[in-house]
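For what it's worth, my numbering labels the leading residue of the sequence shown as 106, then goes sequentially. Backbone N, C-alpha and C define an ideal beta-carbon position, used for all residues, glycine too. All of these numbers come straight from a predicted model, not from anything done at the bench.
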Amino acid sequence: MIKLLMMLPNWLLLKLSGKKQIEIGKRKLHPPFQFLLKLTENLVTDFDTLTPDQFRAGYLEQNRIAPKFPSGIDWKDHQIEVSGTKILVREYYSPQTKEGCPALVYFHGGGWVIGDIETHHQLTGYLCENLEAKVFSVDYRLSPEEKYPVPLDDCDQAFEWVLNNSDALGVDKNKIAAGGDSAGGNLTAALCIRRKKENKTLPKAQLLLYPVTDLHLQKSSINECAEGFFLTKAAMEWFRKHYLNSLDEMKDPFVSPLVAEDLSNLPPAVVSTAGFDPLRDEGDEYAKKLISSGNNVFHQENHGFIHGFANLGYIPGVPQVLNEICSNLKKMMK
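Okay, here's the thing in structure tokens:
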């Protein structure tokens, strides 16, 4: 039903939202997002009492409203060893992902606390289809059961597993990118910085979708978009509390990549942010800092979009943005 409603003209969606088009500065909220937010405005979350398991269940249910999974894409699951335990890595492939194809190792979003392979199943299938690359979606361990740096360690070891098993997996070891959305974008950026510091093989490219880059949570957009646009300031503070062992870790560049002193010689990056997102400014600043450090960066700010848009491919305008993201990342992965 929601997907059908999104096909209505913008003027009618605004009327159904009960408000004039919402503006922040020169940015205007895309009418389909404004209507979607109206539909979900009563889903108030009390972060003082919310448990991780409750949030995880709600997030999984929310992501069941997704575009149709792309035909022609298949997948299989691998159990891989990480730090004395095992995690799941899901491999997506298609007739186009022939022997020696590129690959993307993907880390899902969800504030390091919620989300999993299933919540991002449609998105990773879409990336496989449009990148013409195998995608390896990583089910890294979540906080607060496993706090920092465990999720980052899992992602790093999963990337290393794809690299070391590239022949058996049928991918070109010189064309393995890393990417993620939100907290997954944070893990991607941190992975690249840490692997450079440790003189390890770097990803061919990095995909950063509305990434968390500074857990100090003090940028202007954190307050401008504090509530009412899906991701809230209160949610980010809740995620931070569950992910970190102490607030002192905010200063760690593997937690807050934006504070890193040296961002030179990192993989080329696609950075995509949203205008009505508390994380907008830190994502935009990170893209600019990567550029000023001499890196190849494609940066787009989608002025009328909200956080999490990559999982909302049924919203008019989102497929075009995702196509542009894939087109640029595909070039970087060659």
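Exercise for the section: Just the C-alpha distance for C233 and H225, rounded to the nearest angstrom, thanks. Expected result: 12 angstroms
Exercise for the section: Report the option in L313, D261 and M355 whose CA atom is closest to the CA atom of T378. Expected result: L313
Practice task
Tell me whether the beta-carbon of T318 lies closer than 8 angstroms to the beta-carbon of A282.
Solution key: no
Practice task
Locate the alpha helix (DSSP H) running through L121, then write down its first and last residues.
Solution key: N115 to S122
Exercise for the section: Could you check the C-alpha separation between L292 and E186 for me, to the nearest Å? Expected result: 19 angstroms
Problem - Residue burial classification, K239 (beta-carbon count within 10 angstroms, cutoff 16) - result: buried
Practice task
Return yes when the C-beta of G130 is under 7 angstroms from any heavy atom of the ligand COA, and no when it is not.
Solution key: Questions concerning the ligand COA fall outside what the structure shown contains, since it holds no ligand whatsoever.
Problem - Paired residues, beta bridge with Q184 - DSSP - result: L193
Exercise for the section: Quick one: residues in its chain with C-beta nearer than 6 angstroms to the C-beta of N235, no 5 flanking neighbours on either side, listed in chain order? Expected result: C431
Exercise for the section: State the CB to CB distance for the pair V218 and L247, rounded to an integer number of angstroms; the pair is presumed to be in contact (CB under 8 angstroms). Expected result: 6 angstroms
Problem - Residues of its chain near K439, where Cβ-Cβ distance is below 8 angstroms and the 5 sequence neighbours each way are ignored - result: P207 and K280
Practice task
Could you tell me the boundaries of the alpha helix (DSSP H) in which H226 lies?
Solution key: H226 to L236
Problem - Helix, strand or coil at K239 according to DSSP, with G and I counted as helix - result: strand
Handout entry: Backbone secondary structure at I298 - three-state DSSP
Key = helix
Handout entry: Residues that DSSP places opposite K394 in a beta bridge
Key = For K394, which the question treats as bridged, DSSP gives no partner whatsoever.
Exercise for the section: Tell whether a beta-carbon distance below 8 angstroms holds between Y91 and G284. Expected result: Nothing can be reported for residue 91: it is not among the residues displayed for the chain, which extend from 106 to 439.
Handout entry: Cβ shell of A392 (< 6 angstroms), same chain only, five flanking positions each side left out
Key = V376, V402 and H404
Exercise for the section: Measuring alpha carbon to alpha carbon, tell me which of L395, E390 and P373 ends up nearest F433. Expected result: Just to set this straight, residue 433 is Asn in the shown sequence, not Phe. Here the closest residue by C-alpha is P373.
Practice task
Let me know if W116 comes out buried or exposed under the rule of 16 or more other beta-carbons within 10 Å of its beta-carbon.
Solution key: exposed
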